[in-house]
Amino acid sequence: MSNSNDPTTQNATQQQPPPPNPAQQPPPPAAVDLESGRAARGGVVSNIMEKWKKEDLLKRGSSASRGFGFIFSFLAFVIMASNHHGDWRDFDHYEEYRYVVGVAFLSTFYTGLQSWRIIHELQTRKELISWRNLAVFEFGGDQIFAYLLLSAASSAIPLTNRMREGADNVFTDSSAAAISMAIFAFVWLAISSLISGYKLLKQSYI
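For what it's worth, the numbering used here labels the leading residue of the sequence shown as 45, then goes sequentially.
Here's what the structure looks like:
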(Lines of atoms letter the chains of each structure in order from A and count residues from 1; the text may use other names and numbers.)
(Lines give C-alpha, C1' and ligand atoms only; values in the text may rest on other atoms or scores of the structure.)
Protein backbone atom coordinates (compact mmCIF):
# COMPACT_ATOMS: atom_id res chain seq x y z
CA MET A 1 0.00 0.00 0.00
CA SER A 2 1.34 3.40 -0.97
CA ASN A 3 1.68 6.12 1.55
CA SER A 4 -0.12 9.40 0.90
CA ASN A 5 2.87 11.20 2.30
CA ASP A 6 5.20 9.60 -0.22
CA PRO A 7 7.25 12.37 -1.94
CA THR A 8 7.17 10.53 -5.31
CA THR A 9 3.40 10.50 -5.38
CA GLN A 10 3.20 14.18 -4.44
CA ASN A 11 5.65 15.21 -7.22
CA ALA A 12 3.70 13.24 -9.81
CA THR A 13 0.51 14.94 -8.75
CA GLN A 14 2.07 18.40 -8.89
CA GLN A 15 3.61 17.84 -12.36
CA GLN A 16 0.26 17.10 -14.07
CA PRO A 17 -0.62 20.05 -16.42
CA PRO A 18 -3.88 21.89 -15.87
CA PRO A 19 -6.73 21.15 -18.29
CA PRO A 20 -6.80 23.48 -21.36
CA ASN A 21 -9.17 26.42 -21.39
CA PRO A 22 -11.46 26.25 -24.48
CA ALA A 23 -11.75 30.04 -24.60
CA GLN A 24 -7.99 30.43 -25.08
CA GLN A 25 -7.63 27.90 -27.89
CA PRO A 26 -6.77 29.34 -31.38
CA PRO A 27 -9.33 29.00 -34.19
CA PRO A 28 -9.07 25.97 -36.43
CA PRO A 29 -6.61 26.33 -39.34
CA ALA A 30 -9.38 25.62 -41.85
CA ALA A 31 -11.27 28.77 -40.81
CA VAL A 32 -8.12 30.88 -41.22
CA ASP A 33 -7.48 29.48 -44.70
CA LEU A 34 -11.10 30.11 -45.70
CA GLU A 35 -10.95 33.76 -44.63
CA SER A 36 -7.60 34.23 -46.40
CA GLY A 37 -9.02 32.75 -49.58
CA ARG A 38 -12.02 35.07 -49.48
CA ALA A 39 -9.80 38.10 -48.93
CA ALA A 40 -7.53 37.07 -51.83
CA ARG A 41 -10.50 36.60 -54.17
CA GLY A 42 -11.91 39.94 -53.11
CA GLY A 43 -8.58 41.62 -53.87
CA VAL A 44 -8.43 40.06 -57.35
CA VAL A 45 -11.97 41.16 -58.18
CA SER A 46 -11.21 44.68 -56.93
CA ASN A 47 -8.08 44.87 -59.09
CA ILE A 48 -9.99 43.69 -62.16
CA MET A 49 -12.75 46.24 -61.62
CA GLU A 50 -10.18 49.01 -61.15
CA LYS A 51 -8.44 47.99 -64.37
CA TRP A 52 -11.71 48.09 -66.31
CA LYS A 53 -12.53 51.53 -64.93
CA LYS A 54 -9.13 52.88 -65.99
CA GLU A 55 -9.46 51.37 -69.46
CA ASP A 56 -12.92 52.90 -69.90
CA LEU A 57 -11.67 56.28 -68.72
CA LEU A 58 -8.75 56.20 -71.15
CA LYS A 59 -11.03 55.12 -73.99
CA ARG A 60 -13.46 57.92 -73.27
CA GLY A 61 -10.63 60.45 -73.14
CA SER A 62 -9.24 59.16 -76.44
CA SER A 63 -12.70 59.21 -77.99
CA ALA A 64 -13.32 62.83 -76.93
CA SER A 65 -9.92 64.11 -78.10
CA ARG A 66 -10.12 62.31 -81.44
CA GLY A 67 -13.72 63.39 -81.86
CA PHE A 68 -12.72 67.05 -81.59
CA GLY A 69 -9.71 66.33 -83.81
CA PHE A 70 -12.09 64.88 -86.41
CA ILE A 71 -14.38 67.93 -86.29
CA PHE A 72 -11.60 70.48 -86.70
CA SER A 73 -9.78 68.42 -89.35
CA PHE A 74 -13.01 68.12 -91.33
CA LEU A 75 -13.65 71.87 -91.05
CA ALA A 76 -10.10 72.65 -92.19
CA PHE A 77 -10.54 70.36 -95.19
CA VAL A 78 -13.96 71.69 -96.21
CA ILE A 79 -13.10 75.39 -95.78
CA MET A 80 -9.84 75.18 -97.71
CA ALA A 81 -11.15 72.81 -100.42
CA SER A 82 -14.08 75.15 -101.11
CA ASN A 83 -11.85 78.21 -101.26
CA HIS A 84 -12.43 78.89 -104.98
CA HIS A 85 -13.06 82.50 -105.94
CA GLY A 86 -11.58 82.75 -109.43
CA ASP A 87 -8.31 83.98 -110.88
CA TRP A 88 -5.50 83.97 -108.31
CA ARG A 89 -7.99 83.44 -105.48
CA ASP A 90 -8.01 79.67 -105.86
CA PHE A 91 -6.40 77.39 -103.27
CA ASP A 92 -5.03 74.85 -105.76
CA HIS A 93 -2.76 77.52 -107.24
CA TYR A 94 -0.65 77.37 -104.09
CA GLU A 95 1.35 74.41 -102.90
CA GLU A 96 1.00 75.38 -99.23
CA TYR A 97 -2.79 75.34 -99.41
CA ARG A 98 -2.82 72.04 -101.29
CA TYR A 99 -0.68 70.66 -98.47
CA VAL A 100 -3.26 71.82 -95.91
CA VAL A 101 -6.07 70.16 -97.87
CA GLY A 102 -4.21 66.86 -98.18
CA VAL A 103 -3.19 66.70 -94.52
CA ALA A 104 -6.65 67.75 -93.32
CA PHE A 105 -8.25 65.01 -95.44
CA LEU A 106 -5.91 62.31 -94.08
CA SER A 107 -6.39 63.56 -90.52
CA THR A 108 -10.17 63.50 -90.96
CA PHE A 109 -10.02 59.91 -92.16
CA TYR A 110 -7.70 58.81 -89.33
CA THR A 111 -9.55 60.52 -86.48
CA GLY A 112 -12.94 59.44 -87.83
CA LEU A 113 -11.84 55.82 -88.04
CA GLN A 114 -10.34 55.89 -84.55
CA SER A 115 -13.43 57.55 -83.07
CA TRP A 116 -15.68 54.94 -84.64
CA ARG A 117 -13.50 52.12 -83.30
CA ILE A 118 -13.51 53.46 -79.74
CA ILE A 119 -17.29 54.03 -79.74
CA HIS A 120 -17.82 50.52 -81.12
CA GLU A 121 -15.63 49.00 -78.39
CA LEU A 122 -17.38 50.96 -75.63
CA GLN A 123 -20.78 49.77 -76.85
CA THR A 124 -19.92 46.12 -77.51
CA ARG A 125 -17.19 45.62 -74.87
CA LYS A 126 -15.16 43.81 -77.54
CA GLU A 127 -11.72 44.91 -78.70
CA LEU A 128 -11.12 45.03 -82.45
CA ILE A 129 -7.34 45.18 -81.93
CA SER A 130 -5.33 43.74 -79.04
CA TRP A 131 -4.47 46.24 -76.26
CA ARG A 132 -0.70 45.93 -76.70
CA ASN A 133 -0.65 46.37 -80.48
CA LEU A 134 -3.26 49.12 -80.31
CA ALA A 135 -1.20 51.25 -77.91
CA VAL A 136 1.73 51.33 -80.35
CA PHE A 137 -0.53 52.07 -83.34
CA GLU A 138 -2.39 54.88 -81.56
CA PHE A 139 0.74 56.54 -80.24
CA GLY A 140 2.44 56.45 -83.65
CA GLY A 141 -0.66 57.63 -85.53
CA ASP A 142 -1.39 60.50 -83.15
CA GLN A 143 2.21 61.69 -83.27
CA ILE A 144 2.40 61.56 -87.07
CA PHE A 145 -0.86 63.38 -87.78
CA ALA A 146 -0.27 65.98 -85.06
CA TYR A 147 3.09 66.77 -86.68
CA LEU A 148 1.57 66.89 -90.18
CA LEU A 149 -1.18 69.28 -89.08
CA LEU A 150 1.28 71.60 -87.40
CA SER A 151 3.58 71.43 -90.41
CA ALA A 152 0.77 72.25 -92.86
CA ALA A 153 -0.47 75.18 -90.79
CA SER A 154 3.05 76.53 -90.33
CA SER A 155 3.75 76.43 -94.05
CA ALA A 156 0.51 78.22 -94.96
CA ILE A 157 0.68 81.01 -92.37
CA PRO A 158 3.49 83.06 -94.05
CA LEU A 159 1.76 82.89 -97.45
CA THR A 160 -1.54 84.04 -95.96
CA ASN A 161 0.11 86.90 -94.09
CA ARG A 162 1.78 88.16 -97.28
CA MET A 163 -1.53 88.04 -99.17
CA ARG A 164 -3.39 89.90 -96.43
CA GLU A 165 -0.81 92.70 -96.54
CA GLY A 166 -1.77 93.40 -100.15
CA ALA A 167 -5.46 92.47 -100.15
CA ASP A 168 -7.72 91.35 -97.34
CA ASN A 169 -10.66 89.55 -98.91
CA VAL A 170 -12.85 86.45 -98.65
CA PHE A 171 -10.08 84.25 -100.06
CA THR A 172 -7.53 85.22 -97.43
CA ASP A 173 -10.17 85.08 -94.70
CA SER A 174 -11.15 81.56 -95.71
CA SER A 175 -7.51 80.54 -95.82
CA ALA A 176 -6.92 81.94 -92.33
CA ALA A 177 -10.02 80.12 -91.04
CA ALA A 178 -8.85 76.81 -92.49
CA ILE A 179 -5.41 77.27 -90.96
CA SER A 180 -6.99 78.01 -87.57
CA MET A 181 -9.06 74.81 -87.78
CA ALA A 182 -5.90 72.85 -88.60
CA ILE A 183 -4.18 74.28 -85.53
CA PHE A 184 -7.13 73.35 -83.31
CA ALA A 185 -7.04 69.83 -84.77
CA PHE A 186 -3.32 69.66 -83.94
CA VAL A 187 -4.02 70.63 -80.32
CA TRP A 188 -6.58 67.87 -79.86
CA LEU A 189 -4.39 65.27 -81.54
CA ALA A 190 -1.52 66.35 -79.30
CA ILE A 191 -3.77 65.69 -76.28
CA SER A 192 -4.70 62.34 -77.77
CA SER A 193 -1.03 61.49 -78.22
CA LEU A 194 -0.44 62.18 -74.51
CA ILE A 195 -3.22 59.74 -73.62
CA SER A 196 -1.96 57.08 -76.03
CA GLY A 197 1.59 57.59 -74.72
CA TYR A 198 0.35 56.99 -71.16
CA LYS A 199 -1.44 53.83 -72.33
CA LEU A 200 1.73 52.63 -74.04
CA LEU A 201 3.80 53.32 -70.92
CA LYS A 202 1.35 51.68 -68.51
CA GLN A 203 0.01 48.87 -70.66
CA SER A 204 1.69 46.19 -68.48
CA TYR A 205 0.50 47.70 -65.20
CA ILE A 206 -3.17 48.61 -65.60
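The beta carbon of each residue, even a glycine, is placed where N, CA and C say it ideally should be.
Coarse secondary structure for residue i, derived from DSSP in three states
i: aspartate 134; result: strand
i: histidine 164; result: helix
Local Cβ density within 10 Å of residue i, reported as buried at 16 or more and exposed below that
i: alanine 200; result: buried
i: leucine 178; result: buried
i: alanine 222; result: buried
First and last residue of the uninterrupted alpha helix (DSSP H) at residue i
i: lysine 246; result: 214–246
Nearest residue (CA-CA) to residue i, options the options
i: histidine 137; options: Ile223, Phe215 and Phe114; result: Phe215
i: glycine 146; options: Ala211, Phe183 and Leu193; result: Leu193
i: glycine 10; options: Tyr191, Leu245, Lys170 and Ile239; result: In the structure as shown, the chain begins at 45 and stops at 250. Residue 10 is therefore absent and cannot be evaluated.
Residues near residue i by beta carbon distance below 7 Å, same chain, minus five either side
i: glycine 185; result: Tyr154
i: arginine 208; result: Thr216
i: leucine 203; result: Tyr138 and Glu140
i: tyrosine 242; result: none
i: alanine 226; result: Ala120, Val144, Ala148, Leu193, Ala196 and Ala197
i: serine 117; result: Ala148, Ser151, Thr152, Thr155 and Ala229
Residues near residue i by beta carbon distance below 6 Å, same chain, minus five either side
i: phenylalanine 112; result: Trp232
i: phenylalanine 189; result: Ser151, Tyr154 and Leu233
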